[in-house]
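The opening residue of the sequence shown carries number 1 in UniProt numbering; numbering runs sequentially from there.
Positions of the beta carbon are idealized from the N, C-alpha and C atoms, including for glycine.
A short worksheet on the structure shown next.
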Amino acid sequence: MIPSRRIDLNLMELLLQIYDAQSVSVAGSNLGLSQPATSNALKRLRQMLDDPLFVRGGQGMEPTPFTERIVPNIREHLSGIASVLNDAATFDAANSRRTFRLSLSGLGEQVFLAPLARRVFEHAPGIRLENASSPFLDLYRTLATRESEMAIGLLEMHDPQLRQVHLFNEDYRVIGPPGLSRQRAATVDLGQERIVMAVPSLTYADDVEKVLAERGLADNVCMRIRNFGALPELLSTLNAFAIVPGYLGRRMVEAAQATFLDMKLPKGRQKVQLVWHINTLHDPGCVWLREQIRDLFQSNDICDEAAQRSDRR
Numbered sequence: 001m002i003p004s005r006r007i008d009l010n011l012m013e014l015l016l017q018i019y020d021a022q023s024v025s026v027a028g029s030n031l032g033l034s035q036p037a038t039s040n041a042l043k044r045l046r047q048m049l050d051d052p053l054f055v056r057g058g059q060g061m062e063p064t065p066f067t068e069r070i071v072p073n074i075r076e077h078l079s080g081i082a083s084v085l086n087d088a089a090t091f092d093a094a095n096s097r098r099t100f101r102l103s104l105s106g107l108g109e110q111v112f113l114a115p116l117a118r119r120v121f122e123h124a125p126g127i128r129l130e131n132a133s134s135p136f137l138d139l140y141r142t143l144a145t146r147e148s149e150m151a152i153g154l155l156e157m158h159d160p161q162l163r164q165v166h167l168f169n170e171d172y173r174v175i176g177p178p179g180l181s182r183q184r185a186a187t188v189d190l191g192q193e194r195i196v197m198a199v200p201s202l203t204y205a206d207d208v209e210k211v212l213a214e215r216g217l218a219d220n221v222c223m224r225i226r227n228f229g230a231l232p233e234l235l236s237t238l239n240a241f242a243i244v245p246g247y248l249g250r251r252m253v254e255a256a257q258a259t260f261l262d263m264k265l266p267k268g269r270q271k272v273q274l275v276w277h278i279n280t281l282h283d284p285g286c287v288w289l290r291e292q293i294r295d296l297f298q299s300n301d302i303c304d305e306a307a308q309r310s311d312r313r
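Here it is as structure tokens:
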């Protein structure tokens, strides 16, 4: 393994220039190097990587198999370093190729990621999003070390090093199989029905367990699953019901995957929050992304907005 302290980024740039130009002299000229300086740099590069890197061929300097393997990653990482350094002072969303790391639970990924990605990629087509999901008890460390740069969810953090902002209120709704008639939906007695419980996060699971217990429905749970992906088919196949976050429920109803039941649940609406560490407070890229998230989820209460669409169905 080559120690990071021995890696000269200028040599990596020379490698890419020779690969693209298929000429040592042209590569050196592009970098403003003399012929002797270019030859010496290539010699150092070959010694460091223990490979010839390029051999003379009919089309000029041809890459070895080793060079072919490493060039794509080197190009990507050099581009990433340049993007980070450029973004340190300012953030050009339209041209940035930065990768942002979020922490979303399975529920958050299911509910928030698609609308957020649409919004972000519309304004910044070159950036990347990664979900580095972290358990709640480990979330502070994840944010403090920048393994994740911000988190979205049913979160209430109390630490002076963290900042949080309220995005919207989430409610809980009862859904049943698609195609359920209005008459049937109005007369359902959950005490006589099967209930499927999806528990992708501890916070959500605790809330739903309380709702079921308060209504005397704990014994009606016939199945527990770890995510929502299988829920539409299970509702239809088992003729079962479920308690889900309202925003997810409305998306399922709009996709004809479920039917709403007009039931009041004793659990109040929950706060969905955006949380970040102060180490990203003045990072221009993170400031921009937080603004996108706030504009998307705070512009209207998206639960109410989606409800109006779904209730018209």
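With a 10 Å radius around its C-beta and 16 neighbouring C-beta atoms as the bar for buried, classify residue i as buried or exposed.
i	result
tyrosine 286	Here residue 286 turns out to be cysteine, not tyrosine, going by the sequence shown. That one is buried.
arginine 56	exposed
glutamine 17	buried
glutamate 291	exposed
glutamate 76	exposed
arginine 312	A caution first: arginine 312 carries a pLDDT of 47, below 50, which makes its placement in the model unreliable, though a value can still be read off. So arginine 312 counts as exposed.
alanine 82	exposed
aspartate 138	exposed
leucine 235	buried
proline 177	buried
proline 65	exposed
alanine 114	exposed
valine 196	buried
alanine 41	buried
isoleucine 243	buried
arginine 250	buried
aspartate 50	exposed
glycine 246	buried
arginine 6	exposed
Under three-state DSSP, which class holds residue i?
i	result
proline 72	helix
methionine 150	strand
leucine 139	helix
glutamine 22	coil
phenylalanine 260	strand
proline 232	helix
valine 221	strand
phenylalanine 54	strand
glycine 60	strand
histidine 277	strand
phenylalanine 241	strand
glutamine 161	coil
arginine 128	strand
serine 310	Since pLDDT at serine 310 reaches only 43, below the 50 mark, its modelled position is unreliable, and the value read off the structure follows with that caveat. The answer is helix: DSSP assigns serine 310 an H, G or I state.
glutamate 305	Model confidence at glutamate 305 stands at a pLDDT of 48, short of 50, so the residue's coordinates are unreliable; what they give is reported in the following sentence. Helix, per DSSP.
glutamate 209	helix
leucine 42	helix
leucine 265	coil
glutamate 109	helix
serine 34	coil
glutamate 122	helix
May I ask you to list the residues that DSSP assigns as paired with residue i?
i	result
serine 103	Ala151
residue 315	Outside the modelled stretch of the chain, which goes from 1 to 313, sits residue 315, for which no answer is possible.
methionine 197	Arg224
glycine 176	Thr259
valine 272	Phe168
Considering only residues of the same chain and omitting the five flanking positions on each side of residue i, which have a CB-CB separation below 6 angstroms?
i	result
arginine 194	Cys222, Leu238, Ala240
isoleucine 91	The question names isoleucine, but residue 91 in the sequence shown is phenylalanine. Excluding residues within five positions, the ones whose Cβ falls inside 6 angstroms are Pro284, Gly285, Trp288.
proline 232	Gln257
isoleucine 293	Leu274
valine 111	Tyr247, Leu248
threonine 280	Glu149, Cys286
phenylalanine 297	Leu167, Phe168
residue 314	Only positions 1 to 313 of the chain appear in the structure, and residue 314 is not among them; the question remains open.
alanine 218	Leu212
Closer than 8 angstroms by C-beta to residue i: which residues in its own chain qualify, once you throw out the five before and the five after it? Chain order, please.
i	result
proline 63	Tyr19, Leu53, Phe54, Val71
isoleucine 278	Gln161, Leu162, Arg163
glutamate 109	Asn131, Ser133
serine 25	Gln35, Thr38
arginine 226	Gly106, Ala198, Val199, Pro200
aspartate 206	none
Could you pull out every residue in the same chain whose Cβ sits closer than 7 angstroms to the Cβ of residue i, ignoring the five residues on either side in sequence?
i	result
serine 148	Arg101, Leu102, Ser103, Ala132, Ser134, Thr142
leucine 180	Thr259
leucine 129	Phe100, Leu102, Ala117, Val120
serine 23	Gly60, Met61
alanine 93	His123, Ala124, Trp288
methionine 12	Ile74, Leu78
histidine 166	Lys271, Gln273
Any chance the region 114–132 sits against the region 256–263, with 3 or more Cβ pairs inside 8 angstroms?
-> The region 114–132 is not in contact with the region 256–263.
If we count Cβ pairs, one from each stretch, closer than 8 angstroms, do we get three or more for the region 210–220 versus the region 245–259?
-> Taking 8 angstroms as the limit for Cβ pairs, the verdict is that the region 245–259 does not touch the region 210–220.
Specify whether the region 43–51 and the region 26–34 touch according to this definition: at least 3 beta carbon pairs, one from each stretch, less than 8 angstroms apart.
-> The region 43–51 vs the region 26–34: no contact.
Evaluate contact between the region 130–144 and the region 179–197, counting only Cβ atoms and requiring at least three cross-stretch pairs below 8 angstroms.
-> Between the region 130–144 and the region 179–197, the count of Cβ pairs shorter than 8 angstroms is below three; the stretches do not touch.
Would you check if the region 269–276 and the region 165–172 touch, i.e. whether three or more CB-CB distances between them fall below 8 angstroms?
-> Flag = yes, the region 165–172 and the region 269–276 touch.
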